[in-house]
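In my numbering, each residue's number is its place in the sequence shown (first place is 1) plus 106.
Ideal Cβ positions, reconstructed from N, Cα and C, are used throughout, including at glycine.
For reference, the structure discussed in these notes is given below.
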Amino acid sequence: MPYGPEGDEKFPNILAEINADRTLSFVVHDDDFKNGSSLCSDAVFHNRLDLFNSFAHPFVYIPGDNEWTDCHRANNGAFNPLERLAVLRTLFFPTDESLGLHTMTLDRQSAQPLYSIYRENVRWMVHGILFAGLHIVGSNNNLGRNAENDLEYAARNAANLAWLHESFAIANSTGAKAVMLIIQANPNFDLPANDPRRSGFNDFLAALQSETIAYGLPVVLVHGDSHYFRLDKPMIGTKSGRRVENFTRVETFGELDNHWLHVEVSPGSPNVFIFDQRIVAANLVQQQ
Numbered sequence: 107m108p109y110g111p112e113g114d115e116k117f118p119n120i121l122a123e124i125n126a127d128r129t130l131s132f133v134v135h136d137d138d139f140k141n142g143s144s145l146c147s148d149a150v151f152h153n154r155l156d157l158f159n160s161f162a163h164p165f166v167y168i169p170g171d172n173e174w175t176d177c178h179r180a181n182n183g184a185f186n187p188l189e190r191l192a193v194l195r196t197l198f199f200p201t202d203e204s205l206g207l208h209t210m211t212l213d214r215q216s217a218q219p220l221y222s223i224y225r226e227n228v229r230w231m232v233h234g235i236l237f238a239g240l241h242i243v244g245s246n247n248n249l250g251r252n253a254e255n256d257l258e259y260a261a262r263n264a265a266n267l268a269w270l271h272e273s274f275a276i277a278n279s280t281g282a283k284a285v286m287l288i289i290q291a292n293p294n295f296d297l298p299a300n301d302p303r304r305s306g307f308n309d310f311l312a313a314l315q316s317e318t319i320a321y322g323l324p325v326v327l328v329h330g331d332s333h334y335f336r337l338d339k340p341m342i343g344t345k346s347g348r349r350v351e352n353f354t355r356v357e358t359f360g361e362l363d364n365h366w367l368h369v370e371v372s373p374g375s376p377n378v379f380i381f382d383q384r385i386v387a388a389n390l391v392q393q394q
């Protein structure tokens, strides 16, 4: 969000409601910031950057597929996706600070020479909880369209896996009470590993399962992409065939559902995270 004309109209109501909540430590947008049939123009990018910087709280933006992987479509302006990705990185991640009127310092993977272009992969800790954003996007994570984009996927996939493993290592070494990971893509937990629609996510899902089981404390994966709010436990252990009980998936509101999700950290709770749907009254749809 904003997603299409309706999203453009309703997004200011979300912005106002979030800005009015002075208890928040930060805000995360797990993307997309436009719909899949609109222009990937510089004007749209600058508009979204201005919107994100209008949030009173530190604002963390995780890229989505509609901003770059799908920009080759004619109705998106027939852009080169890799050129759009380079522009995104320049505009939205210029420093080690978050976006927003008030900022916070983020650890960026780009501080490591081997991964110097991946400014969008971020990590921070608040109240003993480790948060990490990884650049994993829909459209099969940019795998399978052509050779040039497959190379981009392979390099970014390696960076994401390194960031994931390092994040869990830090969580373990610092005694973090829980880990929350934020990506844009729905990684298709419900599909078998041999389904081509999951090929761009298999490496991530395997590493995530291994790290989650070894960590043993609450792990939450937050994503957008498939436009359906849900909170569930979709990870099934490869060896046990049973549900991995310390793992929770949260898919946030999006597309035409213009609302937001409040997350409270409660260290005394065995689940650590308490999720509260914030339905924006001004954005309710009149049912017939």
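Two segments are said to touch when three or more pairs of C-beta atoms, one from each, lie closer than 8 Å; by this definition the segment 351-367 touches the segment 381-394.
DSSP places Gln383 in the uninterrupted beta strand (DSSP E) bounded by Phe379 to Arg384.
In terms of Cα proximity to Ser144, the closest of Asn125, Leu130, Pro118 and His178 is His178.
For Glu370, the enclosing beta strand (DSSP E) has its first and last residue at Trp366 to Val371. Less than 9 Å divides the Cβ of His329 from the Cβ of Pro293. With contacts defined by Cβ atoms closer than 9 Å, Tyr167 and Phe198 form a contacting pair.
Glu112 and Pro118 have their C-alpha atoms some 11 Å from each other.
Taking 9 Å as the cut-off, the beta carbon of Ile235 is found no closer than this to the beta carbon of Ala275.
According to the DSSP assignment, Asp156 belongs to the alpha helix (DSSP H) that extends over Asp148 to Phe158. The alpha-carbon separation between Leu337 and Phe359 amounts to approximately 11 Å. Annotation: Asp202 to Gln215 spans about 10 Å, alpha carbon to alpha carbon.
Beta-bridge pairing by DSSP links Glu357 to His329 and Arg336. In the DSSP annotation of this structure, Ile168 is not part of any beta strand (DSSP E), being labelled neither H nor E. The Cβ-Cβ distance between Ala312 and Thr344 falls below 9 Å. Taking a C-beta distance under 9 Å as the contact criterion, Pro169 and Val243 qualify as a contact pair. Distances from the CA of Phe132 to each of Val232, Leu270, Val356 and Gly347 were compared; the closest alpha carbon is that of Val232. Here the alpha carbons of Val193 and Pro200 stand approximately 11 Å from one another. By the C-beta density criterion, Ala217 is exposed, having fewer than 16 other C-beta atoms within 10 angstroms. When DSSP reads this structure, Phe237 sits in a beta bridge with Trp230 and Met286. Ranked by Cα distance from Asp127, the first of Ala162, Asn248, Ala268 and Leu287 is Ala162. Shown here, Thr201 sits in coil according to DSSP, grouped into three states, outside any helix or strand.
Taking every protein chain shown into account, the CB of Ile288 has 16 or more other CB atoms within 10 angstroms, so this residue is buried. Taken atom to atom, the span from the alpha-carbon of Ala180 to that of Gly206 is near 32 Å. With respect to the 9 Å criterion, Asn263 and Thr175 are not classified as neighbours on the basis of their beta carbons.
From the listed residues Leu267, Asn252, Ser245 and Phe237, the smallest Cα separation to Tyr224 is found for Leu267. Judged by DSSP in its simplified three-state form, His135 adopts strand.
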